[in-house]
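Asks:
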Amino acid sequence: MLMRLSHDIGLFFYDIVVARFDLWAAFGVLAQFVFGARFIVQWIASEKAEKSVIPMGFWVLSIVGGLMTMVYGFVRRDIVIILPQMLSIFIYVRNLMLIAKDKKKTKAQAEMQT
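So for the sequence shown, the working numbering puts the first residue at 1; every next one is plus one.
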């Protein structure tokens, strides 16, 4: 039974990594790497600040990786990928808008004090 299971697992991985791997699959893997890189950026920024921070690069990588993943979902016609990415991208863009609004407000307050 274990021999059969290990054989079936090997066939499964061969199918998804070799037999069915194409340029779009490579694009999808790249999209996930870009999307995942945002956590490395966030972790490094937090370690430097010695507190939890979310740098602008986190949101940029979120949007780029999310868009890439959504494109992949459209190409693969996979609603399970498309819908969450649409919502996530909206949230990421909204966060950037809030950050810009806060920076503008902070700048205006600083100018009023001088």
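Every residue, glycine too, gets a C-beta built ideally from N, C-alpha and C.
Suppose you measure from the CA of M112 to the CA of L98; what does that come to, to the nearest Å?
Replies: 21 Å
Asks: On the three-state DSSP scale, how would you describe K105?
Replies: helix
Asks: Which ranges does the alpha helix (DSSP H) cover as unbroken runs of at least 4 residues, wholly within the stretch 32-110, from first to last along the chain?
Replies: 56-76
Asks: Should Y72 and A26 be called a contact, given that it needs their Cβ atoms to be closer than 8 Å?
Replies: no
Asks: Where do the ends of the alpha helix (DSSP H) carrying F21 lie?
Replies: Premise fails: F21 is in no alpha helix (DSSP H) and is neither H nor E.
Asks: By how many angstroms is the C-alpha of D15 removed from the C-alpha of W43?
Replies: Cα to Cα, W43 sits roughly 35 Å from D15.
Asks: So what's M1 in DSSP terms, helix, strand or just coil?
Replies: coil
Asks: Within 10 Å of its beta-carbon, does M68 have 16 or more other beta-carbons around it, so buried, or fewer, so exposed?
Replies: So M68 counts as buried.
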